[in-house]
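Everything in the sequence shown is counted per the working numbering, starting at 5 for the first residue and increasing by one.
Ideal Cβ placement from N, Cα and C applies to all residues, glycine included.
Given the structure is predicted, the values throughout are model-derived calculations rather than measurements.
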Amino acid sequence: MIYLDYNSTTPVDKRVVEKMLPFFTDIYGNPSSDHLFGSESKKAVNNSREEVAQLINSKEDEVIFCSGATEANNLALLGLATRQDPNKRHIITSKIEHPAVLEPIKKLSSNGFEVTYLDVDKEGVVNLNQLKEAITSNTFLVSIMSANNETGTLQPLKKIGEITRENGVLFHTDAAQAVGHIDINVDRMNIDLLSISGHKYYGPKGVGVLFVRNRTPRVRLNPIILGGEQEKNLRSGTMNVPGIVGIGEASRIASNEMKINTKNYSNLTSRILTGIKSIRPDMGFNGSNSNRLQHTLNICLPNIDNKWLILKLKNYCFSTGSACASGKDEPSHVLLAMGIPIDLIQNSFRISVGINTTNNDINTFLKDLSEYIN
Ligand SMILES: *Cc1c(COP(=O)(O)O)cnc(C)c1O
Numbered sequence: 005m006i007y008l009d010y011n012s013t014t015p016v017d018k019r020v021v022e023k024m025l026p027f028f029t030d031i032y033g034n035p036s037s038d039h040l041f042g043s044e045s046k047k048a049v050n051n052s053r054e055e056v057a058q059l060i061n062s063k064e065d066e067v068i069f070c071s072g073a074t075e076a077n078n079l080a081l082l083g084l085a086t087r088q089d090p091n092k093r094h095i096i097t098s099k100i101e102h103p104a105v106l107e108p109i110k111k112l113s114s115n116g117f118e119v120t121y122l123d124v125d126k127e128g129v130v131n132l133n134q135l136k137e138a139i140t141s142n143t144f145l146v147s148i149m150s151a152n153n154e155t156g157t158l159q160p161l162k163k164i165g166e167i168t169r170e171n172g173v174l175f176h177t178d179a180a181q182a183v184g185h186i187d188i189n190v191d192r193m194n195i196d197l198l199s200i201s202g203h204k205y206y207g208p209k210g211v212g213v214l215f216v217r218n219r220t221p222r223v224r225l226n227p228i229i230l231g232g233e234q235e236k237n238l239r240s241g242t243m244n245v246p247g248i249v250g251i252g253e254a255s256r257i258a259s260n261e262m263k264i265n266t267k268n269y270s271n272l273t274s275r276i277l278t279g280i281k282s283i284r285p286d287m288g289f290n291g292s293n294s295n296r297l298q299h300t301l302n303i304c305l306p307n308i309d310n311k312w313l314i315l316k317l318k319n320y321c322f323s324t325g326s327a328c329a330s331g332k333d334e335p336s337h338v339l340l341a342m343g344i345p346i347d348l349i350q351n352s353f354r355i356s357v358g359i360n361t362t363n364n365d366i367n368t369f370l371k372d373l374s375e376y377i378n
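Here you go:
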């Protein structure tokens, strides 16, 4: 089996597993306990906080651990909205967000909040002029993802941050696909809230982070999970110490190895593009070739049904787009927003490479794809 679906999830790096193991069996104290044993766990949690903070250039006390990017997005959106003055009722987002952003926003919209959904161009990039024009005196938040999970297209975070800061509006970004893969700097980009998922960059599933800016401006949220007041009372519940240790180690590794990995991924995906193009010169490419995650491709082969392709190339794991939308038989809302016709959406699929992908994997994939097409 050859895995080409690293956008949906990644394996846990063996170094991360090694680091986590003692926290299941030996150092199992509750970090909130006052005794010495608990303080060992607490030390490990704080060390992780430091590693995550370094990866995104935040302060340690701005890192709130939670269960993943879904929870981080919910906390950011619902936690902020319920804290607003009654005259601040307007949110700006984009048409290509992950369901973990779109669904909480839909809920807010049904509770009387007003929502503007920004368009994207044919490469999947939001329109900055439309963003500027959409901001009103009622706007309190702009939520735009860092990198799209179906196409890998990157958004101009720094420019968005300049616009939001200039207008006194907060900026949240769902960075589940970006953190650990590209440079994210919350200060330079004027990001106020940022969601991270451990399992998208070789950390464990079930752990994530919400970065909450503490100074200039200080962002205030209401918690959505109430209880023992852990994580500055923003996220109650006994802390997932092994998971937190894992996301910390994944962050440390990413800080050191992101650059070299990106270079390898760029070579691998170039080979895929060149290879498929030689089999099918009419190959289409969904997304931005210059501004994307180097490990992600969204490719269109006219008249080849994507569901059949995935079924027939059964030794390979790749997908039609988002793992979260599979099971639903609706065309991708991301590709639709990019203006791609429905029949071509049914001919589109996502391939994403990662740390275990080899040139040989790509060669066999291209050979089998070529056989299937012919
Ligand atoms: C995977 C993903 C999520 C959900 O993250 P979980 O940690 O699995 O909850 C949210 N947004 C984007 C863009 C993602 O790719």
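Considering only heavy atoms of ligand 1, does any lie closer than 7 Å to the CB of residue i?
i	result
G212	yes
N153	yes
G291	no
T266	no
H337	no
H102	yes
Q181	yes
A73	yes
D178	yes
M149	yes
At a cut-off of 7 Å, would you count residue i as near ligand 2, judging by its Cβ distance to the nearest heavy atom?
i	result
H203	Absent from the structure shown: ligand 2. Ligands present: ligand 1.
Which of the three DSSP states, helix, strand or coil, is assigned to residue i?
i	result
R217	coil
V173	coil
G83	helix
L8	coil
L158	strand
L225	coil
E127	coil
G210	coil
A151	strand
I359	coil
I349	helix
I164	helix
I need the boundaries of the beta strand (DSSP E) containing residue i, first residue and last residue.
i	result
R354	352 to 356
H94	94 to 98
F69	67 to 70
E137	Careful: E137 lies outside any beta strand (DSSP E), inside the alpha helix (DSSP H) at 132 to 138.
F144	143 to 147
L198	197 to 201
Y32	Per DSSP, Y32 belongs to no beta strand (DSSP E) and is neither H nor E.
V119	118 to 122
L301	300 to 304
If you follow the alpha helix (DSSP H) that residue i is in, where does it begin and where does it stop?
i	result
N367	363 to 377
E22	18 to 24
S45	40 to 60
V105	103 to 114
Pull up the CB-CB distance for residue i and residue j, whole angstroms please, since I reckon it's below 8 Å.
i	j	result
V211	I257	Going by Cβ atoms, the distance from V211 to I257 rounds to 15 Å, so no, they are not a contact pair.
L297	I195	Wrong, their Cβ atoms sit about 18 Å apart, outside the cutoff.
L313	F353	6 Å
N378	I308	Rounded, the Cβ-Cβ distance is 11 Å, inconsistent with contact.
M5	C304	Not a contact, Cβ separation roughly 25 Å.
F27	V213	The pair is not a contact, with the Cβ atoms about 17 Å apart (cut-off 8 Å).
T97	V119	7 Å
V21	G207	Incorrect: roughly 10 Å between the Cβ atoms, too far for contact.
M243	V56	The Cβ separation is near 14 Å, so there is no contact.
A138	L122	7 Å
S201	G72	5 Å
L238	L79	7 Å
A85	L106	14 Å between Cβ atoms; not a contact.
Can you list the alpha helix (DSSP H) stretches of 4 or more residues lying completely in the region 231 to 297, in chain order?
245 to 283
What are the complete alpha helix (DSSP H) segments, minimum 4 residues, inside the region 307 to 346?
310 to 316, 337 to 341
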